Amino acid sequence: MLKRVSCLVLRAAQGFIDSVFTLMKLPLRCLDYSCVSRRAKFISIPFKNPTRGEIAHLVIDSTGLKVFAEDEWKVKKHSQEKRRVWRKRHLAVDADTYEVICADLSLNNVTDAEAFPGLIRQTHRKIRVASANGAYDTKQCHDELRRKKIKSLIPPRTRAS
Numbered sequence: 033m034l035k036r037v038s039c040l041v042l043r044a045a046q047g048f049i050d051s052v053f054t055l056m057k058l059p060l061r062c063l064d065y066s067c068v069s070r071r072a073k074f075i076s077i078p079f080k081n082p083t084r085g086e087i088a089h090l091v092i093d094s095t096g097l098k099v100f101a102e103d104e105w106k107v108k109k110h111s112q113e114k115r116r117v118w119r120k121r122h123l124a125v126d127a128d129t130y131e132v133i134c135a136d137l138s139l140n141n142v143t144d145a146e147a148f149p150g151l152i153r154q155t156h157r158k159i160r161v162a163s164a165n166g167a168y169d170t171k172q173c174h175d176e177l178r179r180k181k182i183k184s185l186i187p188p189r190t191r192a193s
């Protein structure tokens with residue numbers, strides 16, 4: 033399964049697994065190539081290949097992720113107020129296939145509109161329509177959509193004049 037997901041040949045997947053075990057400081061080794069090769073002949077795992085071609089409708093949004101530090105238990109135990117660390121995960125998903133087309137991780141002080149151009153430039157596929165929430169209703173976002181010839185379905189911001 034790892035071989036299919038990571039698009040690695042069998043020997044490279046074996047080395048990758050060994051390096052993951054080393055990073056995790058586990059005293060494990062991956063099975064040797066001939067053993068994995070023999071077993072792989074009989075395994076049939078249904079796996080959906082990434083789609084290609086035009087994207088009919090791209091949906092864009094972001095969410096906050098809390099980064100857990102090593103001393104989180106101190107905050108709970110001693111109720112010390114410590115500055116929490118947050119990141120923002122920006123995603124662009126194909127509305128028809130639910131496939132994540134583009135993803136980006138940024139600091140919490142980066143707005144959705146600032147991350148939008150970098151996110152939309154990650155794909156080289158043709159996109160017909162892109163929709164997002166009102167946070168993306170900026171000149172910068174609309175210019176990027178116009179440059180890539182994408183129809184915008186971004187509603188105006190609340191209290192926009």
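Sequential numbering from 33 applies to the sequence shown in this note's numbering. Ideal Cβ positions, reconstructed from N, Cα and C, are used throughout, including at glycine. Treat the numbers as computed from the prediction; the structure is a model and nothing was measured.
Return the bridge partner residues of residue i from the DSSP annotation.
{"i": "R121", "result": "T95, L137"}
{"i": "V161", "result": "H89, K183"}
{"i": "D126", "result": "L90"}
{"i": "V132", "result": "V125"}
Would you call the CB atoms of residue i and residue j closer than 8 Å?
{"i": "D144", "j": "Y168", "result": "yes"}
{"i": "S69", "j": "L42", "result": "yes"}
{"i": "G85", "j": "R157", "result": "yes"}
{"i": "V91", "j": "S163", "result": "yes"}
{"i": "A88", "j": "D50", "result": "no"}
Using DSSP with H/G/I as helix, E/B as strand and the rest coil, what is residue i?
{"i": "S76", "result": "coil"}
{"i": "V52", "result": "helix"}
{"i": "V68", "result": "helix"}
{"i": "C173", "result": "helix"}
{"i": "F100", "result": "coil"}
{"i": "L151", "result": "helix"}
{"i": "R191", "result": "coil"}
{"i": "R43", "result": "helix"}
{"i": "R274", "result": "Here the chain covers residues 33 to 193 and nothing more, so residue 274 does not appear."}
{"i": "R84", "result": "coil"}
Buried or exposed for residue i, please, with buried defined as at least 16 other CB atoms from any protein chain shown within 10 angstroms of its CB.
{"i": "A147", "result": "buried"}
{"i": "S94", "result": "buried"}
{"i": "A44", "result": "exposed"}
Following a CB-centred definition, is residue i positioned closer than 7 Å to any heavy atom of the ligand ZN?
{"i": "K98", "result": "This structure does not include the ligand ZN; it has no bound ligands of any sort."}
Give a yes or no on contact between the region 54–68 and the region 121–134, applying the rule of three or more CB pairs nearer than 8 Å.
-> no
Do three or more CB pairs link the region 171–181 to the region 149–163 at distances below 8 Å?
-> yes
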